[in-house]
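Enquirer: Under full-length UniProt numbering, the first residue of the sequence shown is numbered 1, with each subsequent residue one higher.
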Amino acid sequence: MMENQFKETNMGEASLIESIRLRPAMYTGSTEGKGICTMIEHFILDLMSSAKMEEVDIELASDGTVHITSSAIDVDSLIKKLGLLKKAGNPGTQKNILDLAVILGLSRSAKIEVYNGGKIHTLLSQNNLFEISIEEGYLREDLIIDFIPDSEIFKTTDIDFEYLCSVFRKTACLNPQIRINFSDNLHNDFQQCIFHYPKGIFHRMDLLIMERSVNEPSFRLDIEKEHNGFQYKISIALPDYTATAYIQSFAGDTETYNHGSLVDGVKKGIIRFIRDYTDQEVCTDNSGLILIASVSGMQLTYGGSLKIRLEQPEIEKAAEEIVYKELTDYMESDREKVRKFAERFKDKVN
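(1) Could you pull out every residue in the same chain whose Cβ sits closer than 8 Å to the Cβ of G29, ignoring the five residues on either side in sequence?
(2) Could you work out which residue in T278, F182 and D158 is closest to T31 when comparing CA atoms only?
(3) Are S109 and I148 close, meaning C-beta to C-beta below 8 Å?
(4) Are the beta-carbon atoms of S287 and A245 separated by less than 8 Å?
(5) Three or more beta-carbon pairs under 8 Å between the segment 42–60 and the segment 165–183, yes or no?
(6) Quick check for students: name the residue ranges of the beta strand (DSSP E) that lie wholly in the segment 94–160, counting only runs of 3 or more.
(7) Rounded to whole angstroms, what's the CA-CA distance from C165 to E281? Just pull it up for me.
(8) Could one say the Cβ of N185 lies closer than 8 Å to chain D's Cβ atoms, at least one of them?
(9) List the whole-angstrom C-beta distance separating E141 from S71, where the pair is believed to meet the contact cut-off of C-beta under 8 Å.
(10) Classify G200: buried if its beta carbon has 16 or more other beta carbons within 10 angstroms, exposed otherwise.
(11) If we count the other Cβ atoms within 10 Å of its Cβ and call it buried at 16 or more, is R309 buried or exposed?
(12) Please report the distance separating the alpha-carbon of N96 from that of K81.
(13) Quick one: residues in its chain with C-beta nearer than 8 Å to the C-beta of Q5, no 5 flanking neighbours on either side, listed in chain order?
(14) Would you report the Cα separation of K340 and I274, rounded to the nearest angstrom?
(15) Start and end of the alpha helix (DSSP H) containing L208?
(16) Pull up the CB-CB distance for L238 and A251, whole angstroms please, since I reckon it's below 8 Å.
(17) Where does G260 sit, in a helix, a strand or coil, going by DSSP?
(18) Just curious, the alpha helix (DSSP H) that Y324 is in, first and last residue?
(19) Given this structure, state the Cα-to-Cα distance separating M53 from F195, to the nearest angstrom.
(20) Which of helix, strand or coil does DSSP assign to I68?
(21) Spatial neighbours of K268 within its chain, please: C-beta separation below 6 Å, excluding the five flanking residues on both sides.
(22) Rank L60, V114, D146 and F154 by C-alpha distance to the C-alpha of Y27 and give the top, closest one.
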């Protein structure tokens with residue numbers, strides 16, 4: 001018989017799962033189908049960071065089950081997470097298992113199996129009650145997860161394949177180590193996509209150049225640097241024509257639509273370089289500049305009403321210095337390209 005662990009064994013444990021069910025939109029952003037996609041996205045990101053997952057297969061099954069499997073994963077950390085579910089009353093513990101608890105709390109039923117050293121660790125969840133067991137045996141995969149989103153929580157449990165594809169494409173671009181195999185058996189037409197981009201955001205720049213320019217860009221610079229615990233990836237390109245600038249930026253796995261410190265720093269680095277090189281006032285807004293930038297690190301601070309604008313002066317300063325130095329170094333290797341790059345910006349009012 002399944003133990004009512006959340007409601008009888010420990011009142012502290014009840015608070016986490018009950019708060020998730022009482023306020024699901026706080027954890028998924030929506031109770032529409034997009035909320036299910038967010039739940040899946042956060043869980044995959046959590047497995048990547050906490051269990052060092054490098055490859056995952058995700059299937060939308062015909063019966064509405066979300067099926068997730070992986071063998072490129074740290075199973076010890078997963079087993080630890082299962083054990084932490086019994087200590088969910090501790091605030092520090094709750095943070096470590098939050099994405100897993102969201103899956104359990106917002107699913108009609110769930111089954112998680114983790115294989116390690118001839119033993120299968122199994123979590124079964126039904127109507128928000130769960131039990132954990134350990135038995136000897138063998139699994140073909142190190143991790144097998146099946147869950148059915150709760151139709152009493154979500155207004156629709158129809159998961160949009162194309163939207164999840166866009167989510168996984170972004171995830172794979174920002175995390176070059178991951179390979180995501182995604183298939184759809186839920187809808188009438190079977191679909192399958194693989195997302196694996198070893199070049200990361202630089203692959204995204206390749207695609208943008210193909211979309212926006214007939215020829216190779218007149219200037220292209222890819223930068224990857226680590227500074228004071230933050231990892232910077234910055235790609236700058238100028239196509240062979242003048243157009244409206246295109247800018248895309250990320251902080252961690254969040255797209256910063258209002259940009260902020262990272263983009264401000266990159267622009268300052270470009271402007272400072274061109275001022276030193278041409279002794280002219282410059283502007284980056286109408287040159288056709290294509291810029292994709294990302295920063296990752298332990299502590300990222302967001303501001304603005306929607307908390308999607310990066311606000312960290314140290315990141316802005318670092319980005320400025322990195323871009324300025326890289327452009328200066330580039331000038332030594334190809335002065336002609338740098339001259340053409342600077343020509344596109346000079347004699348404009350900043």
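Ideal Cβ placement from N, Cα and C applies to all residues, glycine included.
Expert: With the given structure in hand:
(1) G35 and T38
(2) D158
(3) yes
(4) yes
(5) yes
(6) 107–116, 119–126, 129–136 and 143–149
(7) 42 Å
(8) The structure shown has no chain D; it contains just one protein chain.
(9) 5 Å
(10) buried
(11) buried
(12) 7 Å
(13) For Q5, the pLDDT reaches just 43, beneath the cut-off of 50, and the residue's location in the model is therefore unreliable, leaving the point undetermined.
(14) 11 Å
(15) I201 to R212
(16) Actually they do not touch by this definition, with Cβ atoms about 25 Å apart.
(17) strand
(18) P313 to S333
(19) 14 Å
(20) strand
(21) E320
(22) F154
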